[in-house]
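Worksheet for the structure shown next.
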Amino acid sequence: MAIETKVYKHLEDSAIAELGARLRDGQLVAIPTETVYGLGANGFDEEAMSRIYEAKGRPSDNPLILHVPDQEAVKPLVTAIPLTAQKLMDAFWPGPLTIIMPKSDKVPMRATGGLDSVAIRCPAHDICRAILKAAGVPVAAPSANISGRPSPTTADAVLHDMKGRIEAIADAGPCDVGVESTIVECGDDSVTILRPGGITDAMLKRVVSTVNYDEALSAPDVAPKAPGMKYKHYSPDGDMTTYVGAPRLVSQAMIDAMEAIKAEPHDKPLRFGFLMSDEVAQFLDIYLSSSDVPFEYVIYGNAADYRGLAHNLYSSLLAFNKAGVTHIFATGVPMQGLGRAIMNRMAKASAQKIVRVTGKP
Numbered sequence: 001m002a003i004e005t006k007v008y009k010h011l012e013d014s015a016i017a018e019l020g021a022r023l024r025d026g027q028l029v030a031i032p033t034e035t036v037y038g039l040g041a042n043g044f045d046e047e048a049m050s051r052i053y054e055a056k057g058r059p060s061d062n063p064l065i066l067h068v069p070d071q072e073a074v075k076p077l078v079t080a081i082p083l084t085a086q087k088l089m090d091a092f093w094p095g096p097l098t099i100i101m102p103k104s105d106k107v108p109m110r111a112t113g114g115l116d117s118v119a120i121r122c123p124a125h126d127i128c129r130a131i132l133k134a135a136g137v138p139v140a141a142p143s144a145n146i147s148g149r150p151s152p153t154t155a156d157a158v159l160h161d162m163k164g165r166i167e168a169i170a171d172a173g174p175c176d177v178g179v180e181s182t183i184v185e186c187g188d189d190s191v192t193i194l195r196p197g198g199i200t201d202a203m204l205k206r207v208v209s210t211v212n213y214d215e216a217l218s219a220p221d222v223a224p225k226a227p228g229m230k231y232k233h234y235s236p237d238g239d240m241t242t243y244v245g246a247p248r249l250v251s252q253a254m255i256d257a258m259e260a261i262k263a264e265p266h267d268k269p270l271r272f273g274f275l276m277s278d279e280v281a282q283f284l285d286i287y288l289s290s291s292d293v294p295f296e297y298v299i300y301g302n303a304a305d306y307r308g309l310a311h312n313l314y315s316s317l318l319a320f321n322k323a324g325v326t327h328i329f330a331t332g333v334p335m336q337g338l339g340r341a342i343m344n345r346m347a348k349a350s351a352q353k354i355v356r357v358t359g360k361p
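Just so you know, UniProt numbering puts 137 at position 137 of the sequence shown, and the rest follows in order with no gaps.
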C-alpha cells in the first residue's frame, strides 16, 4: 500500500518541529543538505533504517551516514573522538565532510552495515540542522533516490523517486554543492579519502600532514570501505560517455561518436544529451545547429568552473532521463581539487567510459 508523501514547502518553526517529530517517531523524511537531498530516518531506530533500504532498493550491508546538528551530538555515538577527527570537525564542520569514527554501543549495527565504525557528518545547511535539532536523534540519510540512479539535488527529483515510499519531503530549494560529501578515515595526523567530495585534498592538507586515497578508488577489484561506494551509482537511463581534453579535440571526438551512432541500426529514435563547458559548446554550435537528431544540452560554465559542473551534474542527468535522451556526451575535467569528486561520479555514470582525447589543441 502506497504511503501519502507530504511535501513541506514553507519551512517555518512549526513545520521544522513536525518534521523532527516525524523522524523521531520512525518515519522517513527527505531532508535538504548543501550536497544532495538525503533520505532521513532515526539513526537509533533499526526498523526505520530498514525502511530506508526498502525505499531505495538498496542492499542492507551498505553503511549509512549519521547526520548531526553539532559536534556535541557526536559524543554519544562514538567510543572516542580521535585527535585528527577533532581537528577536522573544527576546520570543516558544518560542511561536506563525513568522518569515520569508532562507534559506541548506542549506534545500531543497521546504521553501520555491520562494521564497528560509524560515519558521521554535520551538514552546512541551516534548515537541515534545524530539523536535526528538532528530531533530537542522529539521522541516518543516504541520498534520497532509487539506488543506482543519479542523486537528487531538488525536492522535485526526490518526489519523482520517493512518492508513495516515504512520509515527507522538506523542500528547501536546490542544493548548493551538487555532489556528496567527502568521506575520510583518520590516522595519526593523516587521513585517507574513501570518497572524494566537496572538501578537496588540498583543503585537508591545510589541517593534517598526510592525505592518501583509498586503493578502491583506482582499483575496481578492491572492495571500497565508504558508505555509498559499494554498489552501482549515479546511472542515467541513456548511454553516457565522458570526454577529457582540449575543447576543440573533445568536440571533434563527440562529433565522430555521434556520426558513428547514427550509422548504426537502433531500435528506438535517437535523442542526444550534452553536458558541456562554454568552450566545447562553441565548437559544437555549427554541427548541432544542423543536427538531424533532436538533442538536449546543459552548459555548466567555462572549463575551469568545477563548482558549476558539480552543481549541475545530477540535475542534468535527471533532466536527460526525463527527456528520453538515448546517448549522453559529457565534458570531463582534470583530476585535481574538486575535479576528483566530479570525475569519480562521472566515471560511475559513464560506466567507466572515459575518453581522454590527445593531440594538438
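Yeah, the Cβ is synthetic: ideal placement off N, Cα and C, and Gly gets one too. All figures in this text were calculated on a predicted structure; none of them were measured in a lab.
{"Asked": "If you draw a straight line from the alpha carbon of Leu249 to that of Asp285, how long is it in whole angstroms?", "Found": "14 Å"}
{"Asked": "From the DSSP output, which residues share a beta bridge with Arg195?", "Found": "Ile183"}
{"Asked": "Classify Ser209 as buried or exposed, calling it buried when 16 or more other Cβ atoms lie within 10 Å of its own Cβ.", "Found": "exposed"}
{"Asked": "Is the Cβ-Cβ distance between Thr79 and Val191 less than 8 Å?", "Found": "no"}
{"Asked": "Leaving out five residues before and five after Asp116 in sequence, what residues of the same chain have Cβ atoms less than 7 Å from its Cβ?", "Found": "Pro102 and Lys103"}
{"Asked": "Could you check whether Ala30 and Val177 sit closer than 8 Å to each other, using their CB atoms as the reference points?", "Found": "no"}
{"Asked": "Please state if the CB of Leu39 and the CB of Ala130 are separated by a distance shorter than 8 Å.", "Found": "no"}
{"Asked": "Are the beta-carbon atoms belonging to Val36 and Ala155 less than 8 Å from one another?", "Found": "no"}
{"Asked": "Name the DSSP bridge partner or partners of Lys103?", "Found": "Val78"}
{"Asked": "Runs of 4 residues minimum, wholly inside the stretch 4 to 61: which ones carry the alpha helix (DSSP H) assignment?", "Found": "13 to 24 and 46 to 56"}
{"Asked": "If I'm right that His67 touches Val139 with Cβ under 8 Å, what's the distance once you round it to whole angstroms?", "Found": "5 Å"}
{"Asked": "Does the beta-carbon of Arg58 have 16 or more other beta-carbons within 10 angstroms, so that it is buried, or is it exposed?", "Found": "buried"}
{"Asked": "Over what stretch of residues does the beta strand (DSSP E) that includes Met240 continue unbroken?", "Found": "Asp239 to Val244"}
{"Asked": "Can you tell which of Asp305, Val325, Gly301 and Ala319 has the C-alpha that lies nearest to the C-alpha of Phe272?", "Found": "Val325"}
{"Asked": "Along the chain, where does the beta strand (DSSP E) that runs through Thr153 open and close?", "Found": "Unbroken run through Thr153: none, as it is neither H nor E."}
{"Asked": "Are Ile183 and Thr98 close, meaning C-beta to C-beta below 8 Å?", "Found": "yes"}
{"Asked": "Can you tell me whether Val333 is helix, strand or coil according to DSSP?", "Found": "coil"}
{"Asked": "Return the residue from the list Ser290, Val355, Arg121 and Ala135 that minimises the CA-CA distance to Leu64.", "Found": "Arg121"}
{"Asked": "Could you name the residues of the same chain whose beta carbon sits closer than 7 Å to that of Leu288, not counting the 5 residues immediately before and after it, in chain order?", "Found": "Phe295"}
{"Asked": "Between Glu34 and Pro76, is the Cβ-Cβ spacing less than 8 Å?", "Found": "no"}
{"Asked": "Between Pro108, Ser151 and Asp189, which lies nearest to Asp61 when the distance is taken from Cα to Cα?", "Found": "Pro108"}
{"Asked": "Inspect the beta-carbon positions of Arg110 and Ser50 and report whether they are closer than 8 Å.", "Found": "yes"}
{"Asked": "Can you pull the DSSP bridge partners for Met276?", "Found": "Ile299"}
{"Asked": "Any idea if Asp45 is buried or exposed, counting beta-carbon neighbours within 10 angstroms, 16 or more meaning buried?", "Found": "buried"}
{"Asked": "Name the two residues that bound the continuous alpha helix (DSSP H) containing Pro311.", "Found": "Per the sequence presented here, residue 311 reads as His, with Pro not at that position. First-last of the alpha helix (DSSP H) with His311: Tyr306 to Ala323."}
{"Asked": "How many whole angstroms separate the CB atoms of Ile328 and Leu275, which I take to be in contact at a CB cut-off of 8 Å?", "Found": "7 Å"}
{"Asked": "Tell me the rounded alpha-carbon separation between Pro123 and Ser290.", "Found": "46 Å"}
{"Asked": "Once the 5 residues before and after Arg356 are set aside, which same chain residues still bring their CB inside 7 Å of it?", "Found": "Val244 and Gly245"}
{"Asked": "If you run the structure through DSSP and keep just helix, strand and coil, what is Thr112?", "Found": "helix"}
{"Asked": "Use the C-beta contact count for Ser14: other C-beta atoms within 10 angstroms, 16 or more gives buried, fewer gives exposed.", "Found": "exposed"}
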